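Read through the structure below, which is laid out as structure tokens, and then see the notes.
Protein chains: 2
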Amino acid sequence: MENYIKYTYEQLKKFCTDAFLEFGFTREESDIIVDVLLTSDLYGIESHGMQRLVRYHKGIEKGLIKIDAKPEIVFETPVSAVIEGHDGMGQLLGHKAMSIAIEKAKNVGMAVVTVRNSNHYGIAGYYAKMACREGLIGMSMTNSEAIMVPTFGRLAMLGSNPIAIAMPAEPYDFFFDASTTVVTRGKLEIYNKLGKPLPEGWALNAAGKGTTDAADVLKNIVAKAGGGIMPLGGETEQSGSHKGYGYGMLCEIFTSILSMGLTSNHTHIGGKGGTCHGFIAINPEVFGDAAAIKEHLSTFLKELRESPKSEGADRIYTHGEKEVFAYEDRMTNGISVNVNTVAEMVDLCKYLGMDVKSYLGEEAENLRLSKSSYDM
Amino acid sequence: MENYIKYTYEQLKKFCTDAFLEFGFTREESDIIVDVLLTSDLYGIESHGMQRLVRYHKGIEKGLIKIDAKPEIVFETPVSAVIEGHDGMGQLLGHKAMSIAIEKAKNVGMAVVTVRNSNHYGIAGYYAKMACREGLIGMSMTNSEAIMVPTFGRLAMLGSNPIAIAMPAEPYDFFFDASTTVVTRGKLEIYNKLGKPLPEGWALNAAGKGTTDAADVLKNIVAKAGGGIMPLGGETEQSGSHKGYGYGMLCEIFTSILSMGLTSNHTHIGGKGGTCHGFIAINPEVFGDAAAIKEHLSTFLKELRESPKSEGADRIYTHGEKEVFAYEDRMTNGISVNVNTVAEMVDLCKYLGMDVKSYLGEEAENLRLSKSSYDM
């Protein structure tokens, strides 16, 4: 691919781990952060892997993300916990919260753990998968900087508010991870870079009307001047806009509301992050024979994949399948990183006093950061 | 309204209650069934109230719905239960299952109860509201006859698979109840009756391609000849089709999978219903001060309603608001019932040996059923 440099998983892992160690995280913490980031790249979700490094870099630099924050459990029962994140790194808070949810679900069957005053935690699905690997149903949600405009509105009031769910199945786990907006901001940025008009039904201008002008929408988002991205279901109730808005609310309930944290419209204002997360773990054993339940799901997923295709389509995917293929491909063939992202990584190397050439190669050494994708 | 006859809530309640008593349900059972049905009409969800009576009537007549079915708890823990419905009335199974979930949530903080081998249970939201009235977060889901075509498919494999959630708030509870398809079949039937082409992005023909021909789609659905309704998000991944399909799967997991019941594609085949439901109740007290949490949600809902409107829009709704207004209006001004539905009610009266005139009035007495909307 043009404009991409390919690295092995091991190369990127070494670079990232050392970078987070340089920032001052412990070895254990760095390992967790790096695993979340690289899992995203391995799944083919480029927007949430190496491409996000610059945001963490700037977030730490600005003090939005506090390296030495100690998460505090402020409320707890056998089925629940609320964690005050004290502006810590999202991945560490997410990992801790889901670990607690998993432990509780193993003890009592199910649990919900919420987190407030955190930061961007990477892909929501990572934490759902943590539970899935333990044989549980995992769910993970996060609110974010406001970007979703509610139906009939013109100001972004909810975040991209992803909801992820994973459940063990053969040969692939069921794994669904998606924003409750039609698309994420990353998609708008891609269209903007290419100078292409946005598809209809994605974004709203400052007056709250549908627009295809990516540059205008992105400018307004940064300036908080109105407009943003439509809920899943588009602009009108006819296409189900109120439903995507409803799923966005469901996410808000399990993140900001049940943690008494900031709702999306109050996060990322005045040098404060304040992101909230929610994690659910459910043990299938509390519904009977977990192996039979797993087989039941596997059968349905197989029936879906094998059901008749629409004219011109050659396959039906079940959720999580694409990630399995992407993972295998990237582990074997390496991970392609956009040169602009590599330039940001070079910048980070220099900031942390790391040797660019030995971490990122000769090709990277000569890259200059033209325009940072960072616009937090 | 033309083609509508207006009844008071009390009139319809008396008619329905006596009808279900005549079918052989007990007084307590009839009260539950009627409350579910009439709540739908009071909320303005015409498709799931009196209009559904004919389906229950035919379902009972055909033996799909068994009046004397006794629900059986086949698996139970302090946080969960699985109920075998033995083909009983969906409303009774739903009511029982959510009552169990509520009791467990009050005891241990949260619970999930699933039901298999049930029948259509009315509006999903009714059961979410049951929990909400007790100060809990309530969720309710059901699978159904397959009608949703998975992305890239051409055969309906999932049901309309609604997900409902309710949570206490002031002055209106948050209450979201929506199918995970773009629209429900009822909407297609309305366009068909009016002879209007469907909006783009709603339905697929037998080849799995987008179509605006309502009559063709409905014919194919009944014949199981292919095609059906698109997931929320429409036909392509570009508009988020895979996301609606993912929420449909989430519903399937909490209904058919965790009850070991029939997945949507296997329900309603060969004289068997087999619908599955799932109910979740969560006590906000396991996250801290329930009153503060309620206030937190109320504040966010108020901010949403008061946020700037899009050009030409005069209000932003929060979920549940429309139902509150509809309820008040119908309790005061009566419930308008479509004459075709009234004709079906007349038919039911005659079947059960009930006096048409005294229950439904003189105007109804002369109505003749032209074409039943029943096409199960």
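Protein chains in written order, with my numbering: chain A, 1 to 376; chain B, 1001 to 1376. Note that the Cβ used here is the ideal one computed from N, Cα and C, for glycine as well. Quick caveat: nothing in here was measured; it's all calculated off a predicted structure.
Applying the 10 Å Cβ sphere with the 16-neighbour rule, what's the burial state of residue i?
i: V222(A); result: exposed
i: E1363(B); result: exposed
i: L45(A); result: One point to set straight first is that residue 45(A) is Ile, not Leu, in the sequence displayed. Buried is the call here.
i: E29(A); result: buried
i: M331(A); result: exposed
i: D347(A); result: buried
i: N3(A); result: exposed
i: D1314(B); result: exposed
i: F1015(B); result: buried
i: A225(A); result: exposed
i: K272(A); result: exposed
i: T1142(B); result: buried
i: K350(A); result: exposed
i: E1328(B); result: exposed
i: I1269(B); result: exposed
i: D41(A); result: buried
i: G195(A); result: exposed
i: P197(A); result: exposed
i: R1052(B); result: buried
i: F1325(B); result: exposed
i: E170(A); result: exposed
i: R1055(B); result: buried
i: K1209(B); result: exposed
i: R1027(B); result: exposed
i: L84(A); result: Note on identity: in this sequence residue 84(A) is Glu, with Leu being the wrong assignment. E84(A) comes out buried.
i: R154(A); result: buried
i: E1061(B); result: exposed
i: E306(A); result: exposed
Name the residue from the options whose alpha carbon lies nearest to the alpha carbon of residue i.
i: T77(A); options: T1114(B), N1107(B), H1095(B) and H1057(B); result: N1107(B)
i: H1383(B); options: N1117(B), T1184(B), D1087(B) and G1024(B); result: The structure shown does not extend to residue 1383(B), since chain B spans only 1001 to 1376, so no value can be given for it.
i: P231(A); options: S241(A), R52(A) and G353(A); result: S241(A)
i: I1229(B); options: Q1011(B), E1237(B) and Y1245(B); result: Y1245(B)
i: Y191(A); options: R154(A), D216(A), A178(A) and G208(A); result: D216(A)
i: A1291(B); options: I257(A), L297(A), L38(A) and G278(A); result: I257(A)
i: V1034(B); options: A1146(B), F1152(B), I1269(B) and Q1091(B); result: Q1091(B)
i: P162(A); options: Y247(A), N119(A) and G88(A); result: Y247(A)
i: M157(A); options: V54(A), Y317(A), I147(A) and P284(A); result: I147(A)
i: G1201(B); options: L1188(B), E1235(B) and E1170(B); result: E1235(B)
i: G94(A); options: G288(A), L304(A), G278(A) and P308(A); result: G278(A)
i: S1264(B); options: I65(A), T341(A), M249(A) and L301(A); result: L301(A)
i: G1261(B); options: H1319(B), N1119(B) and T1211(B); result: N1119(B)
i: P1199(B); options: G233(A), S239(A), A203(A) and K187(A); result: S239(A)
i: E1145(B); options: M1345(B), Y1121(B) and E1306(B); result: Y1121(B)
i: G288(A); options: G1312(B), F1152(B), I1073(B) and F1287(B); result: I1073(B)
i: A105(A); options: E1103(B), K1096(B), H1086(B) and S1080(B); result: S1080(B)
If you drop the 5 nearest sequence neighbours on each side, which residues of the same chain put their C-beta closer than 7 Å to that of residue i?
i: A1019(B); result: L1348, L1352 and M1354
i: Y7(A); result: G334, I335 and V337
i: S1259(B); result: V1082, T1114, V1115, R1116 and C1276
i: T299(A); result: none
Which same chain residues, not among the five before or five after residue i, have their C-beta less than 6 Å away from its C-beta?
i: D1375(B); result: Note that D1375(B) scores 48 on pLDDT, short of 50, meaning its location in the model is unreliable and no value can be drawn from it.
i: A164(A); result: A124, G125, A128, S140 and D177
i: M110(A); result: I282
i: S1179(B); result: S1160 and P1162
i: I280(A); result: V112 and M139
i: G1186(B); result: S1047
Cutting at 8 Å between CB atoms, please list the residues of its own chain near residue i, excluding the five before and the five after it.
i: K1357(B); result: A1364 and E1365
i: K1013(B); result: V1034 and L1038
i: G24(A); result: I67 and D68
i: D220(A); result: This sequence places Asn at residue 220(A); Asp is not what is there. Here the set comprises N205, A206, G226, G227 and G228.
i: C132(A); result: G138, A166, M167, P168, D173 and F175
i: L367(A); result: V339, V342, A343 and V346
If residue i and residue j are in contact, beta carbons under 8 Å, what's the gap, nearest whole angstrom?
i: Y1126(B); j: E1323(B); result: Actually they do not touch by this definition, with Cβ atoms about 11 Å apart.
i: A101(A); j: V113(A); result: 4 Å
i: I1253(B); j: M167(A); result: 6 Å
i: G88(A); j: P71(A); result: 6 Å
i: Y172(A); j: E321(A); result: 5 Å
i: M1249(B); j: H319(A); result: 6 Å
### Query
What runs of the beta strand (DSSP E), each 3 residues or longer, lie entirely inside the stretch 56–107 of chain A?
If only uninterrupted beta strand (DSSP E) runs of at least 3 residues are considered, those enclosed by the stretch 56–107 of chain A are 72–77 and 80–84.
### Task
Just list the alpha helix (DSSP H) runs in the stretch 197–250 of chain A, keeping only unbroken ones of 4 residues or longer that don't cross its boundaries, in chain order.
You should have 214–223.
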